[in-house]
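Residue numbers (the numbering used here): -15 to 74. In what follows, a single structure is set out as structure tokens and then discussed.
As structure tokens, this is what we get:
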């Protein structure tokens, strides 16, 4: 993202294919957490969709490495939401 003046940037992840998460609720996504561990909770994984035969393809996960967020190459603070219904702000 390139901006000529100070601005705030935000993003929200939304799983619009939750019903396609392979194995129903739990699929392990390797190296998907900031510490290199795996993610397996349906709270943190999203579905990939279906094959033309209706088979679930798999799952994916994404994370932000919060201690290493930068703005213009300099360390910056990140504001995050978590908890039930994303109501706990940090």
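In this text, a Cβ means the ideal position worked out from N, Cα and C, and glycines have one as well. Everything numeric in this text was worked out from a predicted model, so none of it was measured.
Q. Which of helix, strand or coil does DSSP assign to residue 40?
A. Residue 40 carries a strand assignment under DSSP once its states are collapsed to helix, strand and coil.
Q.
Please classify residue 50 as buried or exposed, where buried requires at least 16 neighbouring CB atoms within 10 angstroms.
A. Exposed, since its Cβ has fewer than 16 Cβ neighbours within 10 Å.
Q. What three-state label does DSSP hand residue 50 in the structure shown?
A. Looking at residue 50 - three-state DSSP - the assignment turns out to be helix.
Q) Would you call the stretch -12 to 2 and the stretch 22 to 41 touching, i.e. three or more CB-CB distances under 8 Å? A) With a cut-off of 8 Å on Cβ pairs, the stretch -12 to 2 is in contact with the stretch 22 to 41, counting three or more such pairs.
**Q.** Own chain partners of residue 34 with C-beta closer than 8 Å, once the 5 adjacent residues on each side are dropped
**A.** The answer, listed in chain order, is 4, 40, 41.
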